[in-house]
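In what follows, a single structure is set out as structure tokens and then discussed.
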Amino acid sequence: MPPRQSGRLTAKLQLALEQSAQTSQVASTNTAPVPTLTRAQTRPRKKQKVAGKAEAKPAAAPAPVQDDFRKVKGRRGALKTMTEMPVDILLEIFRQVEPVDLLHLSWATKDLRAMIMDSNAAFLWPQVYRNVSGKKPPPCPPGMNFAHYTNLLYGKHCNFCASNRGKLIHWTARARFCHKCAPEQLVLYTYTGATTTSKDPNILNICPLWFFSKTDSLVRGSYLLKAEHDHHEKKLKEIRNNKGKVDYEKAASKQKTERVRLAHALYAWQRNRKSEDNSARQARITSRRNAIVRRVKEEGYEQELNRYGQFRLPGVNVPTELTDKIWERIKPGIIELLEIERQNRREDGFKQRFRTRINRIVDVVMSWADKQPQPSIIPPYVHFAKSETFCDVLRDLSLTETQLQERVDELASQIPAISAAWKSEADEILRDLLRGKGDPKSSSTSVDPLGLAVTFFKCRWCNDPINYPRILMHSCLRHRLLKPAEKEDDEDKVDEEEEGAEGVDDDDDDGDDDSTPEPANIVVPATPEGVWDELSFWYSSTWNEGNNDVFVDEEASGFAAAIVKACGEDPQTTTFSRMEEIDARLECVRCSDSLTSKAKKRLVMNWKMAILHDIEVHYENPPAEQGWSLLTDEADLAKVKQAEAKMMGKWKIPDYMCTRCKYPVPAKKVEDHMNYRHSSRRGPQIDVGPPEVVYKGDIYVPLDLPMKVPPYAVKI
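Numbering (our numbering), first residue to last: -2 to 713.
Here you go:
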């Protein structure tokens, strides 16, 4: 196709050619020189200077031009060639969309905006509003731009800062606000007037209001548009006569009534639209969830799905249709979760079987322990299960319940030996701790260092000093489950998958991207051997499992040594039981000297309370026997006993343990418990003394009692 040429330029070129031909004819008949129409020579092009005679290097290949759109998120520029289509085709396409789509098209490019907002395309907006599915919104009010009306109904942009966070709608003002612009553009209306504006009732009565609940930027109340208030105020000031003001107020009041009526209609339409959208969204979610459940059942994971819960599966709460492509992408993650659930179910089955078998050993051990003198020292029940004697029997799942009971009864005779071996091993561990601290008393061969009055331990979880043999029966070291650190990664992964199942981002599972399904992780199958190896994590741990939960309490031992010396005893040889027999009372000299009142009262306590007193009050001072004074005066001791007896009714006494029913019994209800529960009534001639003496053999004091027990400190 030849290039386009202008008719005017073609005519001028033809005229120039004819004049040139006539000039040539004159030159042939006349010898006088005639100027020609030849073009002047152009200036010669400069040559690039080359240094020396060096050979010119070949020009480097031009760098590839990077597409700028790769650096921009979104599809910017994708519609720039859309306006090259015929206009009638574009308008026909635009007639088929909905209002919000046409609004977004008008924001895409300047050309599209000029085409859509042109007066010749005014028929588009009424047409697209007829395309709205469901209940139609009220028609656009006269004098309001269709684009502004569409943004009010469907958009999210603030009318003042153009941000996409315009969630607050003032329906009577017909404007959207973000939380930043709302306090600046709206004014709270109260019964005493509107804040930051004039209190002229004539102006306030013609300004339409709208009620807002409490938001991040607005308090609860009715608001008017500040710009509208200023507009009415300015107009009324410009009107000089009263009749004009009255007419203006009537017209504004009528306009306010119409806007309020339309505002309530728009608000009702919006609520109805939200309800319809939520119903449609929930229907899509339900359809997708049912499709996923159906495919999961086809894979053979129905039991696991019932246990795990279909609502917890990733991707079920997304309001998009489930396609084959989407299913292939989310299937590995779902199958992996259900496979883990299947193995967890098998693991729980093995745990239940092992727990039932261990309980058979527990019954045998408890019947043996009931026959021992109380309080007795026995290992935790799980120690018997892990011992070589019972371990093989419990792990053999091929044995029937009858065969298992027979084997356990046969091995019951070895329970005393297992218990004695455990106690010897635990005692040696404690002695090693004392030797590791370089304690001189631990090298003594005449007295067992474990029984000394200055030997105290502490566990990882308690601050209370623990003596021997209480440390062997301490509950923190016997009934605590271990926490497997290797399972933390699996829990984090499950949390991420559950977070992805919330369905907040609809684009995560829409299937439009080209992502391939990730390979599923290898799920470790549950086996009886693996479940048994983790016995300490789901049943119970043995005493001081790992040998890192018991420590020597050096602070308590140091204070105890000073107190034992204050009692006139040797810390290297005095045992704990010896100090209990002495039952000495000591006065804290430091606390008595610090009193400034004239009627000074002396603080007196037994030796165990003295150790705790030093730890809690005088922990900053080094242990010193000079800080304590042993009470030897009979009159002072009588006052102490009298004060302790007076306070004994107010102090909380630890519970006793009943040897018959194995339940704790409060100290004040021991007699009632023995009389009415076990029909064990004692004669009045022997009902003298503490309950453990009166009912000796029926109740006993547990070993694992805290060190802080009555009698507490008293003042004399």
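Glycine included, C-beta positions come from ideal geometry on N, C-alpha and C.
If you draw a straight line from the C-alpha of P661 to the C-alpha of K649, how long is it?
-> Going by the C-alpha atoms only, they are around 14 Å apart.
Give the straight-line distance between the Cα atoms of E608 and T571, rounded to the nearest whole angstrom.
-> In the sequence as displayed, the identity of residue 608 is Ile instead of Glu. In this structure, the straight-line span from the alpha carbon of I608 to that of T571 is close to 16 Å.
Does W324 have its Cβ less than 9 Å from a Cβ in chain C?
-> The structure shown contains no chain C; it is built from a single protein chain.
Return helix, strand or coil for E407, following the three-state DSSP convention.
-> helix
By DSSP, does H471 sit in helix, in strand, or in coil?
-> DSSP places H471 in coil when its eight states are reduced to three.
Distance between V362 and P413 (C-alpha atoms, nearest Å) | 9 Å
Counting only the same chain and skipping the five closest in sequence on each side, list residues whose C-beta sits under 8 Å from that of V129.
-> E95, P96
With C-beta atoms as the reference, is E622 less than 9 Å away from A557?
-> no
Per DSSP, what kind of secondary structure is H675 in: helix, strand or coil?
-> coil
Residue environment, Q682, which counts as buried when at least 16 other CB atoms sit within 10 Å = Residue confidence for Q682 is low, a pLDDT of 43 falling below 50, so the modelled location carries little weight; the figure read from the coordinates is stated next. Classification of Q682: exposed, given that the 10 Å Cβ count is below 16.
What residue ranges within the stretch 613 to 664 form continuous alpha helix (DSSP H) runs of no fewer than 4 residues, ordered along the chain?
-> 631 to 644
Just grab the DSSP bridge partners of V547 for me.
-> C456
Proximity winner among Y653, H670, N672, relative to E689 (alpha-carbon distances) = Y653
For V521, is the classification buried or exposed, using 16 other Cβ atoms within 10 angstroms of its Cβ as the cut-off for buried?
-> Exposed, because fewer than 16 other Cβ atoms sit within 10 Å of the Cβ of V521.
Quick one: is Q182 buried, meaning 16 or more other Cβ sit within 10 Å of its Cβ, or exposed?
-> buried
Determine the contact status of T212 and A260, defining contact as a CB-CB distance below 9 Å.
-> no
Helix, strand or coil: which one does DSSP assign to I560?
-> helix
In or out: V720 buried (at least 16 other Cβ within 10 Å) or exposed?
-> Residue 720 cannot be examined here, being either before or after the span of the chain that is shown, -2 to 713.
Could you give the distance in angstroms between the alpha-carbon of K712 and the alpha-carbon of A632?
-> Taking the straight line from one Cα to the other gives about 14 Å.
What residues are listed by DSSP as bridge partners for W604?
-> Per DSSP, none; premise fails for W604.
What are the start and end residues of the alpha helix (DSSP H) that includes C588?
-> 586 to 590
To the nearest angstrom, how far is it from the Cα of Y697 to the Cα of Q411?
-> Y697 and Q411 have their alpha carbons spaced roughly 27 Å apart.
Give the DSSP-derived three-state secondary structure of S25 in the structure shown.
-> Only weak support is given to the placement of S25: the predicted model assigns it a pLDDT of 41, under 50, and the value that follows is read from those uncertain coordinates. DSSP places S25 in helix when its eight states are reduced to three.
Quick one: residues in its chain with C-beta nearer than 7 Å to the C-beta of R292, no 5 flanking neighbours on either side, listed in chain order?
-> W324
Helix, strand or coil: which one does DSSP assign to S216?
-> The question names Ser, yet the displayed sequence has Val at residue 216. Three-state result, V216: coil.
If you follow the alpha helix (DSSP H) that V97 is part of, which residue opens it and which one closes it?
-> 96 to 103
Consult DSSP for W207 and reduce its assignment to one of helix, strand or coil.
-> strand
Alpha helix (DSSP H) containing T254: first to last residue?
-> 239 to 295
Compute the beta-carbon to beta-carbon distance between S116 and H176, rounded to the nearest angstrom, for a pair I have assumed lies under 8 Å.
-> Not confirmed; about 36 Å, so no contact.
Can you tell which of G646, D406, W540 has its C-alpha closest to the C-alpha of Y378?
-> W540
Compute the beta-carbon to beta-carbon distance between H167 and I200, rounded to the nearest angstrom, for a pair I have assumed lies under 8 Å.
-> With a Cβ gap of about 18 Å, H167 and I200 do not count as contacting.
Opposite K712 in the DSSP bridges: which residues?
-> L600
Start and end of the beta strand (DSSP E) containing I166?
-> For I166, the enclosing beta strand (DSSP E) stretches over residues 165 to 167.
Would you say the stretch 277 to 296 touches the stretch 235 to 244, given that touching needs at least three Cβ pairs under 8 Å?
-> no
Nearest-angstrom Cα distance between F143 and E89?
-> 19 Å
Give me the Cβ distance between S384 and L478, rounded to the nearest whole Å; I'm assuming they're in contact under 8 Å.
-> Contact flag wrong, Cβ pair sits at about 20 Å.
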